[in-house]
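Enquirer: Below you'll find the structure I mean.
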Amino acid sequence: MMQKVESLMKLASIRTLAFGRAQRTISRYICATNEGTSGTLSDLGSRKKTFLQKQVDQQARKQHKDATMNEACRRNPLTTVTHKQLVLNSDHLIMPTITGTLDDLNDPHGQSGIVLNYVWLRDHCRCDSCYHHTTSQRLFETNAIDLDIRPNNAALTFDPDVNDHVLHITWPDGHQSQFTYSWLTDSKNIFAGKYPKSKSVQTLWDANTIKEIDIKAVEYEKYMDKSNDESLKVLLENVLRYGYGLVHGCQTSIDDTAKTAERLCIIQNSLFGHMWSFTNDLEHSDTAYTNLALGAHNDTCYFLKGAGIQVFHLLEHTGAGGETLLVDGFKALETLRRNHKWAYDFLVETSIVHEYVEPGIDIKSLDSIINVHPITKEPIALRFNTYDRASLNTIDQEDMPKFYEANKLLANEIQNPQNEFWLKLKPGTVLFVDNWRLLHGRSAFTGRRCVCGCYLARDDWTSKARELGLVSSFHF
Ligand SMILES: [Fe+2]
Ligand SMILES: [Zn+2]
Numbered sequence: 162m163m164q165k166v167e168s169l170m171k172l173a174s175i176r177t178l179a180f181g182r183a184q185r186t187i188s189r190y191i192c193a194t195n196e197g198t199s200g201t202l203s204d205l206g207s208r209k210k211t212f213l214q215k216q217v218d219q220q221a222r223k224q225h226k227d228a229t230m231n232e233a234c235r236r237n238p239l240t241t242v243t244h245k246q247l248v249l250n251s252d253h254l255i256m257p258t259i260t261g262t263l264d265d266l267n268d269p270h271g272q273s274g275i276v277l278n279y280v281w282l283r284d285h286c287r288c289d290s291c292y293h294h295t296t297s298q299r300l301f302e303t304n305a306i307d308l309d310i311r312p313n314n315a316a317l318t319f320d321p322d323v324n325d326h327v328l329h330i331t332w333p334d335g336h337q338s339q340f341t342y343s344w345l346t347d348s349k350n351i352f353a354g355k356y357p358k359s360k361s362v363q364t365l366w367d368a369n370t371i372k373e374i375d376i377k378a379v380e381y382e383k384y385m386d387k388s389n390d391e392s393l394k395v396l397l398e399n400v401l402r403y404g405y406g407l408v409h410g411c412q413t414s415i416d417d418t419a420k421t422a423e424r425l426c427i428i429q430n431s432l433f434g435h436m437w438s439f440t441n442d443l444e445h446s447d448t449a450y451t452n453l454a455l456g457a458h459n460d461t462c463y464f465l466k467g468a469g470i471q472v473f474h475l476l477e478h479t480g481a482g483g484e485t486l487l488v489d490g491f492k493a494l495e496t497l498r499r500n501h502k503w504a505y506d507f508l509v510e511t512s513i514v515h516e517y518v519e520p521g522i523d524i525k526s527l528d529s530i531i532n533v534h535p536i537t538k539e540p541i542a543l544r545f546n547t548y549d550r551a552s553l554n555t556i557d558q559e560d561m562p563k564f565y566e567a568n569k570l571l572a573n574e575i576q577n578p579q580n581e582f583w584l585k586l587k588p589g590t591v592l593f594v595d596n597w598r599l600l601h602g603r604s605a606f607t608g609r610r611c612v613c614g615c616y617l618a619r620d621d622w623t624s625k626a627r628e629l630g631l632v633s634s635f636h637f
């Protein structure tokens, strides 16, 4: 077989390859063999030789191939090796597209096929010695990969056992990697040129639309039934789509509220404890612990990553007032972006400090008011809290007019009565609010009012949503 390679190399066929947008035509030596990798692997498997002999054979063959490849590379560093339809270039191979299933997968470099970088391929080997399939963790040190690595052999063959094409690669040290075509073209594993947006699961609302939608509470008993996730799914779907959900029929105790929260995920401990409850007694240095009205705000803006969900349960209220306010922050952001793009951009790009200070505690965060997804640039979290905003020591005095105007334009949207949804919580109904998206507040009240609740970390509640198949792996 190797003689065939050498003779073919001597022929030095010249081919052209569409490469890059400029469609440069590059002449290269082509090393072609009639031996696909599958042939190499099965030959090896069928030979009745001892394990040692096989190793020796493999080593000899590897050395011969290395020499051939190296000779070809010395002659022309842009040597292209093809095995059937695969094209092996200096630092990547190009895998042909097999079916029309690559809807998401564009061709960012204008090449015909799917570009696969060699280091990426070696780094993503999913064999049992490189990857632990129970822990879903990589088992080897990426830094051990030679950054100039290139396969000794590669082929794409159809494997009826998995009913898929499989890319077989043999690396210079003899290590073999196999990837199914489906795995390689799944945008969960590879950047597909565009990133799926999570917006599709969200319905933005104002006061009128949310009243029409009239989200129904799920029943406590069904929700708590661990043998059936349907009610939990409904609650989570409401949180994902509208930013909040309700559970009705909970006992009015802190313990039962905790159980309701824990049906979704573990509770996030914080300076307020595992579960918190507040009455108007100023136990903490926070306006929440008074009977004053609270304008729409996001909680825990002083954390580097704010609490994901806030759980509220009104345990008792003997007086008047104390209605709960909800505002869809992403709706406000959409309007701000449409009408005042500069203000939206300024609040995305400008980091400011929020803080929580009381004796023994000094928590600070530095981040922008509008957090955007690093790839899609769509809003991912809003951090709007006038109460907790610290001294503005990150903005030049010259830029203050810009900050205050942008902040005012955003506040105008948040405080627009058309966006304010007021609801009267009742004992027994537990409210789950996506604190990264919705703002909450309350009207002033009289009498004794006691609310308990807790925080759920974004990581933990979205984990449950992924586990239940409600969001894709692209939802963060
Ligand atoms: Fe709050
Ligand atoms: Zn491996």
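Read in order, the letters of the sequence shown are residues 162 to 637 in the numbering used here.
Don't be surprised by glycine CBs; every beta carbon is placed ideally from N, CA and C.
Note that the coordinates shown come from a computational prediction; the quantities given were computed from them, not determined experimentally.
For ligand 2, any of its heavy atoms closer than 7 Å to the Cβ of Ser297?
Expert: As a position in the sequence shown, residue 297 is number 136, starting the count at 1. Not under cutoff, so the answer is no.
Enquirer: Given this structure, state the Cα-to-Cα distance separating Phe301 from Ala315, to the nearest angstrom.
Expert: On the sequence shown, position 140 is the one that residue 301 refers to. On the sequence shown, position 154 is the one that residue 315 refers to. Rounded to the nearest angstrom, the two C-alpha atoms are 22 Å apart.
Enquirer: Relative to the C-alpha of Asn554, which candidate in Val472, Asn546 and Phe564 has its C-alpha closest?
Expert: As a first step, residue 554 is located in the sequence shown; it is residue number 393 there, counting from the start. Considering only alpha carbons, the answer is Phe564.
Enquirer: Is the closest heavy atom of ligand 1 to the C-beta of His253 under 7 Å?
Expert: As a position in the sequence shown, residue 253 is number 92, starting the count at 1. No, the Cβ of His253 stays beyond 7 Å of every heavy atom of ligand 1.
Enquirer: From Pro588 to Asp523, what distance separates their C-alpha atoms?
Expert: Position 427 of the sequence shown holds residue 588. Position 362 of the sequence shown holds residue 523. Distance between the alpha carbons of Pro588 and Asp523: 34 Å.
Enquirer: Excluding the 5 residues preceding and the 5 following Ser392 in the sequence, name in chain order all residues of the same chain whose CB lies nearer than 6 Å to its CB.
Expert: Sequence index remark: in the sequence shown, residue 392 carries index 231 (1-based). Only Val379, Lys383 and Tyr384 meet the Cβ criterion.
Enquirer: Taking all protein chains shown into account, do 16 or more other C-beta atoms lie within 10 angstroms of the C-beta of His253, making it buried, or fewer, making it exposed?
Expert: Counted from its first residue, the sequence shown places residue 253 at position 92. Buried, since its Cβ has 16 or more Cβ neighbours within 10 Å.
Enquirer: Within the structure, which residues are defined as neighbours of ligand 1 by a Cβ-heavy atom distance below 6 Å, reported in chain order?
Expert: Answer in sequence order: Ala449, His458, Asp460 and His601.
Enquirer: Measuring CA to CA, which of Lys502, Leu629 and Val612 is closest to Leu570?
Expert: Position 409 of the sequence shown, counted from the start, is the residue given in the question as residue 570. Cα-wise, what sits closest to Leu570 is Lys502.
Enquirer: If we count the other Cβ atoms within 10 Å of its Cβ and call it buried at 16 or more, is Tyr279 buried or exposed?
Expert: As a position in the sequence shown, residue 279 is number 118, starting the count at 1. Buried, because 16 or more other Cβ atoms sit within 10 Å of the Cβ of Tyr279.
Enquirer: To the nearest angstrom, how far is it from the Cα of Ser634 to the Cα of Lys349?
Expert: Here residue 634 refers to the residue found at position 473 when the sequence shown is read from its first residue. Here residue 349 refers to the residue found at position 188 when the sequence shown is read from its first residue. Looking at the two C-alpha atoms, the distance is approximately 7 Å.
Enquirer: Opposite Thr485 in the DSSP bridges: which residues?
Expert: Walking along the sequence shown from the start, residue 485 turns up at place 324. Beta-bridge pairing links Thr485 to Leu584 and Arg603.
Enquirer: My parser needs the beta strand (DSSP E) runs of 3 or more residues fully inside the region 470-526; what are they?
Expert: DSSP runs (the beta strand (DSSP E)) wholly in the region 470-526: 470-478, 485-489 and 512-519.
Enquirer: Beta-carbon distances below 5 Å to any heavy atom of ligand 2 define the shell here; list its residues in chain order, please.
Expert: Any residue whose Cβ sits closer than 5 Å to a heavy atom of ligand 2 makes the list: Cys286, Cys288 and Cys291.
Enquirer: Answer yes if the region 302-313 comes into contact with the region 364-378, meaning at least three C-beta pairs across the two stretches below 8 Å, and no otherwise.
Expert: Not touching, per the Cβ criterion.
Enquirer: Can you tell which of Thr440, Thr461 and Leu599 has its C-alpha closest to the C-alpha of Val612?
Expert: Looking up residue 612 in the sequence shown gives position 451. Looking at the Cα atoms, Thr440 is the closest of the given residues.
Enquirer: My understanding is that Thr418 touches Val591, with C-beta atoms under 8 Å, so please give their C-beta distance in whole angstroms.
Expert: Taking the sequence shown and counting its residues from 1, the one referred to as residue 418 is at position 257. Taking the sequence shown and counting its residues from 1, the one referred to as residue 591 is at position 430. Confirmed, Cβ separation roughly 6 Å.
Enquirer: DSSP three-state label for Ser634, please.
Expert: Start at 1 with the first residue of the sequence shown, and residue 634 comes out as number 473. Reduced to three states, the DSSP call for Ser634 is coil.
Enquirer: Using only CA atoms, which one of Phe545, Trp583 and His409 lies nearest to Ala567?
Expert: The residue labelled residue 567 in the question sits at position 406 within the sequence shown. Cα-wise, what sits closest to Ala567 is Phe545.
Enquirer: Using only alpha-carbon positions, find the residue among Asp416, Lys394, Gln576 and Ser414 that is nearest to Gly406.
Expert: Within the sequence shown, residue 406 is the residue found at index 245, counting from 1. Of the candidates Asp416, Lys394, Gln576 and Ser414, the one whose C-alpha sits nearest the C-alpha of Gly406 is Lys394.
Enquirer: Can you tell me where the beta strand (DSSP E) holding Asn278 begins and where it ends?
Expert: In the sequence shown, the residue the question calls residue 278 occupies position 117. Segment Ile275 to Asn278, the beta strand (DSSP E) holding Asn278.
Enquirer: If you draw a straight line from the alpha carbon of Thr461 to that of His285, how long is it in whole angstroms?
Expert: For the purposes of this step, residue 461 is identified with residue 300 of the sequence shown, where counting begins at 1. For the purposes of this step, residue 285 is identified with residue 124 of the sequence shown, where counting begins at 1. Distance between the alpha carbons of Thr461 and His285: 38 Å.
Enquirer: Where does Gln471 land, buried or exposed, given buried means 16+ other C-beta within 10 angstroms?
Expert: For the purposes of this step, residue 471 is identified with residue 310 of the sequence shown, where counting begins at 1. Under this definition Gln471 is a buried residue.
Enquirer: DSSP has Arg311 in a bridge; who is on the other side?
Expert: As a first step, residue 311 must be located in the sequence shown, where it is residue number 150. Looking at the DSSP assignment, Arg311 forms no beta bridge with any residue, so it has no partner.
Enquirer: Considering just the uninterrupted stretch of the beta strand (DSSP E) at Ile259, what are its terminal residues?
Expert: The residue given as residue 259 occupies position 98 in the sequence shown. Segment: none, Ile259 is in no beta strand (DSSP E) and carries neither H nor E.
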